[in-house]
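Residue numbers (this note's numbering): 79 to 468. Beta carbons are placed, not taken as given, at the ideal position from N, Cα and C, and that holds for glycine. Computed from a predicted structure; not experimentally measured. Below is one structure, written out as structure tokens; comments come after it.
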């Protein structure tokens, strides 16, 4: 039995994570700071551990989606600046102020609510979001944006630390829309620059822009998916930076049995054995762990560095693979559902393609009941089992 109890786990390579941040530090101009985006539990990699590593690797700012995620980091004694990228309810602003968390402001109501609670002695830092073409949060009209920024600058107790926008299509080969967004944003930035007003942080670039269009990123980039070793899309220029995948999903064979021909495997018997002596191995991982049932009939795994197909319907807690061609496969063998093993690779992109989605969703799908194991230099540094962690 593994020390973290369950023979299914995600392995987080801190060596790969550090490599990726070093690669971005080398790619980007030294004047450009790195904001580590660790929302959604650091894209499934573990927010607290990844936050600490990112800061140790030179990130100056952390970003989350919601107040709850920011407070989790503060409870872990992480004191670095944290920006909430998403919506913060008015009733949550007091918690943000008390914990020195930077808030994303995109309307007058929020600014006024902050002004009521902040003071010159206890100021609040804000970043103002401009919607240049995402159609999501942010001020869309240029004059409306300028007016709110000017109002915020003149509000006692409010520090406008940053302006930002988000590129919707930076991961596409055609950058026309991204350039259009940049022109809209830049017009507002230049309006204030011409008045002698410069903000400590101006940021627009996500991972894709940091790779393909670093000249459009201003003085800080928000590194999300690429920090975890996953390219934002197949269309970004992979020649510019070498990324190493950080997460692998692993399990172990818990049973192997020889089956007669035409025997049904799993619910619905949608798969039937093709021959006498077909060897079927059971894996203790299923859709409740984030290994989607929709992968039924579409997925493969790695066993001893060799490919083996998933057969039968993927269950809530288990699935089966055909190891007839792998006579050495036996109880306890490590199985990789995505990641590397003995020189072979099963990329997370393959899983995403089979599901008709993006790799972001695959790594974010991992359930809280799957232990996280952090490794460096071939050694386990520590493991976190949320079901045992109180």
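Taking buried to mean at least 16 other C-beta atoms within 10 Å of its own C-beta, is residue i buried or exposed?
| i | result |
| --- | --- |
| residue 423 | exposed |
| residue 417 | buried |
| residue 452 | buried |
| residue 465 | exposed |
| residue 392 | buried |
| residue 510 | It is not possible to answer for residue 510, since the shown part of the chain is limited to 79 through 468. |
| residue 98 | buried |
| residue 157 | exposed |
| residue 385 | exposed |
| residue 104 | exposed |
| residue 127 | buried |
| residue 437 | buried |
| residue 434 | exposed |
| residue 450 | buried |
| residue 352 | exposed |
| residue 458 | exposed |
| residue 147 | buried |
What would DSSP say about residue i, mapped onto helix, strand or coil?
| i | result |
| --- | --- |
| residue 441 | helix |
| residue 121 | helix |
| residue 239 | strand |
| residue 250 | coil |
| residue 79 | In this predicted model, residue 79 has a pLDDT of only 39, less than 50, meaning its place in the structure is not dependable; the value taken from the coordinates is given anyway. Here residue 79 sits in coil by DSSP. |
| residue 370 | coil |
| residue 113 | strand |
Look at the alpha carbon of residue i and the alpha carbon of residue j, and state the distance between them as a whole number of angstroms.
| i | j | result |
| --- | --- | --- |
| residue 111 | residue 164 | 21 Å |
| residue 153 | residue 432 | 39 Å |
| residue 357 | residue 248 | 47 Å |
| residue 360 | residue 396 | 7 Å |
| residue 196 | residue 175 | 8 Å |
| residue 79 | residue 320 | Because the pLDDT of residue 79 is 39, which lies under 50, any placement of that residue in the model is unreliable, and the number read from its coordinates should be weighed accordingly. Using only the alpha carbons, I get a separation of about 36 Å. |
| residue 183 | residue 253 | 28 Å |
| residue 340 | residue 88 | 34 Å |
| residue 334 | residue 409 | 7 Å |
| residue 214 | residue 262 | 15 Å |
| residue 368 | residue 380 | 18 Å |
| residue 234 | residue 228 | 12 Å |
| residue 387 | residue 315 | 32 Å |
| residue 212 | residue 257 | 13 Å |
| residue 484 | residue 313 | Since the first and last residues shown for the chain are 79 and 468, residue 484 lies out of range. |
| residue 225 | residue 309 | 37 Å |
Have a look at the options and flag the residue whose alpha-carbon is nearest the alpha-carbon of residue i.
| i | options | result |
| --- | --- | --- |
| residue 141 | 160, 322, 290 | 160 |
| residue 114 | 378, 312, 348, 135 | 135 |
| residue 346 | 375, 382, 443 | 375 |
| residue 245 | 278, 208, 269 | 208 |
| residue 443 | 108, 119, 312, 275 | 119 |
| residue 193 | 231, 84, 316 | 231 |
| residue 298 | 143, 149, 138 | 138 |
| residue 402 | 372, 348, 100, 338 | 338 |
| residue 307 | 292, 399, 326, 462 | 326 |
| residue 162 | 460, 354, 143 | 143 |
Hey, residue i and residue j are a contact pair by Cβ (cut 8 Å); roughly how many whole angstroms apart?
| i | j | result |
| --- | --- | --- |
| residue 95 | residue 324 | 5 Å |
| residue 267 | residue 241 | 6 Å |
| residue 553 | residue 151 | Since the displayed the chain opens at 79 and closes at 468, residue 553 lies outside it and no answer follows. |
| residue 205 | residue 243 | Rounded, the Cβ-Cβ distance is 11 Å, inconsistent with contact. |
| residue 441 | residue 426 | 7 Å |
| residue 302 | residue 83 | Actually they are not in contact, since the Cβ atoms of residue 302 and residue 83 sit about 31 Å apart, beyond 8 Å. |
| residue 280 | residue 296 | 4 Å |
Between residue i and the ligand GDP, is the CB less than 7 Å from at least one heavy atom?
| i | result |
| --- | --- |
| residue 332 | Of ligands this structure carries none, so the ligand GDP is not represented either. |
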